[in-house]
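Report on one structure; see the data block that follows.
There are 2 protein chains.
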Amino acid sequence: MHYTSEQEYLAHYQKRDYDSPLFTVDMAIFSISKGQLQVLLIQRSNFPEKDKWALPGGFVDLNHDQDLMTTAHRKLLEKTGIHTPYLEQVETIGNRQRDPRGWSITSLYFALIDFQKFQIEETAQIEHSAWFPIHEALQLELAFDHQKLLNLAVDRLSSKTRYTALPASLMPERFTLTELQTIYEIILGHSLEKKAFRRRMQEAGVVEETGQHKIVGKRPAQLFRYALDDFNFTFPRMLETPRNSNEDE
Amino acid sequence: MHYTSEQEYLAHYQKRDYDSPLFTVDMAIFSISKGQLQVLLIQRSNFPEKDKWALPGGFVDLNHDQDLMTTAHRKLLEKTGIHTPYLEQVETIGNRQRDPRGWSITSLYFALIDFQKFQIEETAQIEHSAWFPIHEALQLELAFDHQKLLNLAVDRLSSKTRYTALPASLMPERFTLTELQTIYEIILGHSLEKKAFRRRMQEAGVVEETGQHKIVGKRPAQLFRYALDDFNFTFPRMLETPRNSNEDE
DNA sequence: AGAATAGTGTCTTTAAGACAATATGGC
DNA sequence: GCCATATTGTCTTAAAGACACTATTCT
Chain A
1 MHYTSEQEYL
11 AHYQKRDYDS
21 PLFTVDMAIF
31 SISKGQLQVL
41 LIQRSNFPEK
51 DKWALPGGFV
61 DLNHDQDLMT
71 TAHRKLLEKT
81 GIHTPYLEQV
91 ETIGNRQRDP
101 RGWSITSLYF
111 ALIDFQKFQI
121 EETAQIEHSA
131 WFPIHEALQL
141 ELAFDHQKLL
151 NLAVDRLSSK
161 TRYTALPASL
171 MPERFTLTEL
181 QTIYEIILGH
191 SLEKKAFRRR
201 MQEAGVVEET
211 GQHKIVGKRP
221 AQLFRYALDD
231 FNFTFPRMLE
241 TPRNSNEDE
Chain B
1 MHYTSEQEYL
11 AHYQKRDYDS
21 PLFTVDMAIF
31 SISKGQLQVL
41 LIQRSNFPEK
51 DKWALPGGFV
61 DLNHDQDLMT
71 TAHRKLLEKT
81 GIHTPYLEQV
91 ETIGNRQRDP
101 RGWSITSLYF
111 ALIDFQKFQI
121 EETAQIEHSA
131 WFPIHEALQL
141 ELAFDHQKLL
151 NLAVDRLSSK
161 TRYTALPASL
171 MPERFTLTEL
181 QTIYEIILGH
191 SLEKKAFRRR
201 MQEAGVVEET
211 GQHKIVGKRP
221 AQLFRYALDD
231 FNFTFPRMLE
241 TPRNSNEDE
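Keeping their order, the protein sequence lines are chains A and B.
Just so we're aligned: 28 in UniProt numbering is position 28 of the first sequence, and the numbers increase by one with no gaps anywhere.
Just so we're aligned: 62 in UniProt numbering is position 62 of the second sequence, and the numbers increase by one with no gaps anywhere.
In structure tokens, the structure reads:
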């Protein structure tokens, strides 16, 4: 059949003229608690890969989702009850082997959420979900290729931590610089120089003083807030690993 | 129906249980010629968006493509006859508006190819294709959301040029440092300091001398080759824009 | 006063920018 | 020798690391 106008073409067009692979969105939802980077996993209640732990994810809702980001936000909301944190697309993986049902594609997103705000959404929660420290999660024999996906997300997070202000999105509204530095250190897996860290954050204008203080135990600490619109601020240099320490291994 | 084993589940599983969006791979194929960054566009011979210029792209071949990267390589080969350049996934865009046929998703890749090696593949070439300088391409009213896609690819390329050795993948086997610097300058849109550029490349061990020289006209220049395995080397600092120049605007 | 945590002073180091000076080969 | 292009010397600058020192509050 030969069409002579776009209208005519679209009138005759049927979805499913082309065989289309399965498409899903998967989420690596990160938070920090107990001094460790944690990831939220769900235990699958259905085949395939029933009973295995997996990254939360699912299909696009063609009727309700405006775009992929919406799908990711919806998944996040379903699993955590949280609505507005930082979401970033990591990578899209597609091949014939990753799912026993055949050719399938997933777009992987990661989310960074403030642990204090958070509570697992129990409503209509068929599947178990739980937080795992990253290194435990990676030893869990996850469903599908989710170990690889989780590694991709962790790598992206730690690499961006070296040159952006992204970890600030894990913080509550107000926070002390020591708290922020601790978050950086947890993600990076090594310590940072206090003076250098504070200078970097303040001189770049990434954080600003609120005037308020937080008394925890000893000397009260100044409370700061994030001073920029988005979390994609890039520093002109990478953070280094401490110059003496022979790296962990 | 309730299944009790993965085998049983898979035996009854049918594709198309879920409505799945259209999925394509689109390519921003870059090269450098005549002192400008160029992109390869094709003129669509079919509906929708017939006759408009577009990024080359198409559906996954579920029977032959191993994974998405293979699909991208295949598209590149079909359009250019070239087989092994640098390919990188930029982003995956999916929403309801971008294609008149409904919800659709595209994974955008970019390729960097050595213009000297290249010739447009005329074999079985139904669609016209042509190279355009980026700024011309962006004024062309491209099909679908391809202007947005092209912008994403260009942004990724220039941002990675600021802190990686990626542009080296645009070079032939052997090249002079002046040639490489020129490529950087074209992509970035501003000049770079000669000494600083050479120091950066050589001290990081990104390039190595071949011992050979190239006599163009005046003093012969040393020929270098790329010294690393992959093109993802990251420098510890960003290139700056020249400190005096008040930027272009 | 002593402990603990917050915050600063300041010297060193790394790698980039600026710019002038030198080197080489064609004509 | 003159010109153009390649290549190097070396001073300055930006921003990070190291590390010691001061400040504030609690007990």
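A virtual CB, placed ideally from N, CA and C, is assigned to each residue, including glycine.
Environment of residue i [buried if 16+ CB atoms lie within 10 Å]
i                  : result
Gly-57 of chain B  : buried
Gly-217 of chain A : exposed
Ala-124 of chain B : Here the model assigns Ala-124 of chain B a pLDDT of 48, short of 50, so the residue's position is not dependable, and the following value carries that caveat. With fewer than 16 other Cβ atoms within 10 Å, it is exposed.
Pro-220 of chain A : exposed
Pro-21 of chain A  : buried
Ile-186 of chain B : buried
Asp-104 of chain A : In the sequence as displayed, the identity of residue 104 of chain A is Ser instead of Asp. Buried: at least 16 other Cβ atoms inside 10 Å.
Lys-194 of chain A : exposed
Ile-215 of chain B : exposed
Gly-35 of chain A  : exposed
Gly-94 of chain A  : buried
Asp-65 of chain A  : buried
Lys-148 of chain A : exposed
Residue i - DSSP class collapsed to helix/strand/coil
i                  : result
Tyr-226 of chain B : strand
Ala-124 of chain A : Residue placement at Ala-124 of chain A is flagged as unreliable, the pLDDT there being 48, under the threshold of 50; a coordinate-derived value is accordingly withheld.
Asn-95 of chain B  : strand
Pro-133 of chain B : strand
Ala-111 of chain B : strand
Asp-145 of chain B : coil
Leu-22 of chain A  : strand
Thr-70 of chain B  : helix
Leu-203 of chain A : Note that residue 203 of chain A corresponds to Glu in the displayed sequence, not to Leu. Helix.
Gln-116 of chain A : helix
Val-216 of chain B : coil
Ala-165 of chain B : coil
Thr-176 of chain B : coil
Val-154 of chain A : helix
Gln-139 of chain B : coil
Leu-41 of chain B  : strand
Phe-197 of chain B : helix
Contacts of residue i in chain A (Cβ-Cβ under 7 Å)
i                  : result
Pro-21 of chain B  : Phe-23, Val-60 and Leu-62
Leu-166 of chain B : None at all; the shortest Cβ gap to chain A is about 16 Å.
Of the residues the options, the one placed nearest residue i, counting alpha carbons only
i                  : options                                       : result
Phe-144 of chain A : A:Arg-101, A:Arg-156 and A:Thr-182            : A:Arg-101
Asp-99 of chain B  : B:Ala-221, B:Lys-50 and B:Phe-175             : B:Lys-50
Arg-243 of chain A : A:His-190, A:Gly-211 and A:Thr-70             : A:His-190
Tyr-209 of chain A : A:Pro-236, A:Leu-192, A:Arg-174 and A:Gln-147 : Contrary to the premise, residue 209 of chain A reads as Glu rather than Tyr in this sequence. Here the closest residue by C-alpha is A:Arg-174.
Glu-141 of chain A : A:Lys-52, A:Thr-161 and A:Ser-31              : A:Lys-52
Ala-54 of chain B  : B:Lys-79, B:Leu-188 and B:Val-206             : B:Lys-79
Thr-206 of chain B : B:Lys-214, B:Glu-193, B:His-213 and B:Phe-224 : Per the sequence shown, the amino acid found at residue 206 of chain B is Val instead of Thr. Cα-wise, what sits closest to Val-206 of chain B is B:Phe-224.
Phe-30 of chain A  : A:Ser-169, A:Met-69 and A:Glu-240             : A:Ser-169
Arg-44 of chain A  : A:Ala-204, A:Thr-92, A:Thr-70 and A:His-128   : A:His-128
His-146 of chain A : A:Leu-192, A:Tyr-184, A:Thr-176 and A:Gln-97  : A:Gln-97
Asn-46 of chain B  : A:Thr-4, A:Val-90 and A:Gln-212               : A:Thr-4
Lys-117 of chain A : A:Leu-149, A:Leu-77 and A:Thr-106             : A:Leu-77
Thr-106 of chain A : A:Glu-240, A:Met-171, A:Pro-172 and A:Ala-72  : A:Ala-72
Lys-160 of chain B : B:Thr-70, B:Asp-61 and B:Glu-240              : B:Glu-240
Ile-82 of chain A  : A:Asp-114, A:Gln-222 and A:Gln-202            : A:Asp-114
Ile-32 of chain A  : A:Leu-188, A:Asn-63 and A:Asp-67              : A:Leu-188
Pro-236 of chain A : A:Glu-203, A:Trp-131, A:Ser-158 and A:Tyr-184 : A:Glu-203
Thr-176 of chain A : A:Tyr-226, A:Thr-92 and A:Leu-68              : A:Tyr-226
Met-69 of chain A  : B:Asp-67, B:Thr-92 and B:Pro-48               : B:Thr-92
Leu-157 of chain B : B:Val-90, B:Gln-212 and B:Leu-192             : B:Val-90
Chain A contact residues for residue i, given Cβ-Cβ distances below 8 Å
i                  : result
Gln-141 of chain B : Correcting the residue identity first, residue 141 of chain B is Glu in this sequence and not Gln. In chain order: nothing, as chain A lies at least about 15 Å away.
Met-238 of chain B : Thr-234, Pro-236 and Arg-237
Contact set between residue i and chain A, taken where Cβ atoms lie within less than 9 Å
i                  : result
Ile-105 of chain B : Phe-23, Val-60, Leu-68, Thr-92, Ile-105 and Ser-107
Within chain B, partners of residue i - CB distance below 9 Å
i                 : result
Asn-95 of chain A : Asp-65, Gln-66, Asp-67, Leu-68, Met-69 and Thr-70
Proximal chain B residues relative to residue i, where beta-carbon distance stays under 7 Å
i                 : result
Thr-89 of chain A : Note on residue identity: the sequence assigns Gln, not Thr, to residue 89 of chain A. What Gln-89 of chain A touches in chain B: Glu-91 and Thr-92.
Whether or not the region 228-236 of chain B and the region 159-172 of chain B are in contact is what I'm after, with contact meaning three or more pairs of Cβ atoms, one per stretch, closer than 8 Å; do they touch?
yes
Can you confirm whether the region 39-54 of chain A touches the region 136-152 of chain A when touching is taken to mean that 3 or more C-beta pairs between the two stretches lie within less than 8 Å?
yes
Under 8 Å, with one C-beta from each stretch per pair, do the region 103-111 of chain A and the region 79-93 of chain A reach the 3-pair mark?
yes
Can you confirm whether the region 169-186 of chain A touches the region 149-158 of chain A when touching is taken to mean that 3 or more C-beta pairs between the two stretches lie within less than 8 Å?
no
Determine, using beta-carbon pairs with one atom in the region 24-38 of chain B and one in the region 196-207 of chain A, whether at least three such pairs fall under 8 Å.
no
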